[in-house]
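Residue numbering for the sequence shown follows my numbering, starting at 57 and increasing by one per position. Please read the structure below before turning to the comments.
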Amino acid sequence: MLDSPLPATPPDERTKEIQNFWNLLKFLWKLEQIQQWRQEIFRSPDNNDPNSGCDACFNLICMQPSIHAAWTQGFFALRPLEYYNNEDKSKLDVEWYWQPKQSHGPYDLVDLRKPPPPSSRDLDDVDGFNIILEPTRDNFTKLKSGHRFTLETPDPQHLPLPSKALLELQWYLNRIVSMSAADEDSTNYDCGGKRREDTEQWINQLQEPAINF
């Protein structure tokens, strides 16, 4: 099953949400970094449509169905490391990190004086979901946070690896979503519609200028 580190062509009705997404990032990262991520998706220099990103090998990753489901539910995040050879870019190491569920809900007030939850170091499951590494009759070793994988391609030019920049962005966003519990079910609050409107109004009222690309 293929999935994008970052979806490139969302429906037209989400255009405003997409622009709000890019504008919101400026409160967390420098403009130069945001532009680098955006240009990695929208690669056509003469294309100004914010929804017309590129879908190709650099923006796709192949996952087994149950792992894909865990990925979309925010059970884990992938941290990209370094290429074995920056010129060749045929091998890239990534680390797997389980993301423990938060004790608070997505819209609960959180006491900033409260110590953060423990690290996910050595965590080997989330909500009972786990992965067994090369199971045998006598070995059922679970995949733990920090486990390192190597992504490899025989042809970096025509069959490139998933973009390190987009994996990096996805890594940061998955961590933020996990800490905020934003991946929790919000159907008990008007399907999230009212909260989404409040968020959009807050972004639109910000004094900082919008990012123009």
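Glycine included, C-beta positions come from ideal geometry on N, C-alpha and C.
Is it right to say residue i is buried, meaning 16 or more other beta carbons lie within 10 angstroms of its own, or is it exposed?
{"i": "N153", "result": "Checking the displayed sequence, the identity of residue 153 turns out to be Tyr instead of Asn. Buried."}
{"i": "Q27", "result": "In the structure as shown, the chain starts at 57 and stops at 269, and residue 27 therefore has no counterpart that could be examined."}
{"i": "Q95", "result": "exposed"}
{"i": "L134", "result": "buried"}
{"i": "L81", "result": "buried"}
{"i": "S122", "result": "exposed"}
Between which residues of its own chain and residue i is the CB-CB distance below 6 Å, once the five residues before and five after are set aside?
{"i": "P136", "result": "V150, K220, L223, E224"}
{"i": "F196", "result": "I188"}
{"i": "F205", "result": "V150"}
{"i": "V166", "result": "H160"}
{"i": "A125", "result": "none"}
Would you mind working out which of the options sits nearest residue i, comparing C-alpha positions?
{"i": "I188", "options": "C118, A237, S201", "result": "S201"}
{"i": "I90", "options": "L229, Q120, S175", "result": "L229"}
{"i": "T209", "options": "L87, C118, W93", "result": "C118"}
{"i": "P174", "options": "D167, V166, Q158, D164", "result": "Q158"}
{"i": "Y139", "options": "D211, R231, L207", "result": "L207"}
{"i": "D178", "options": "P172, E88, K198", "result": "K198"}
{"i": "S234", "options": "P172, D194, W85, H203", "result": "P172"}
Quick one: what's got a C-beta closer than 7 Å to residue i's C-beta in the same chain, skipping five residues either side?
{"i": "S236", "result": "P162"}
Indicate whether residue i and residue j have their beta-carbon atoms separated by less than 7 Å.
{"i": "S176", "j": "P156", "result": "yes"}
Going along the chain, which residues of its own chain have a beta-carbon closer than 8 Å to the beta-carbon of residue i, five neighbours each way excluded?
{"i": "Q92", "result": "A221"}
Check your understanding: Would you call the stretch 145 to 164 and the stretch 211 to 231 touching, i.e. three or more CB-CB distances under 8 Å?
Key -> yes
**Study point:** Touching by the beta-carbon criterion (3+ pairs, under 8 Å), the stretch 178 to 192 and the stretch 122 to 138
**Key:** yes
Point to revise | Segment contact, 8 Å Cβ cut-off, at least three pairs: the stretch 110 to 121 with the stretch 90 to 101 | key: yes
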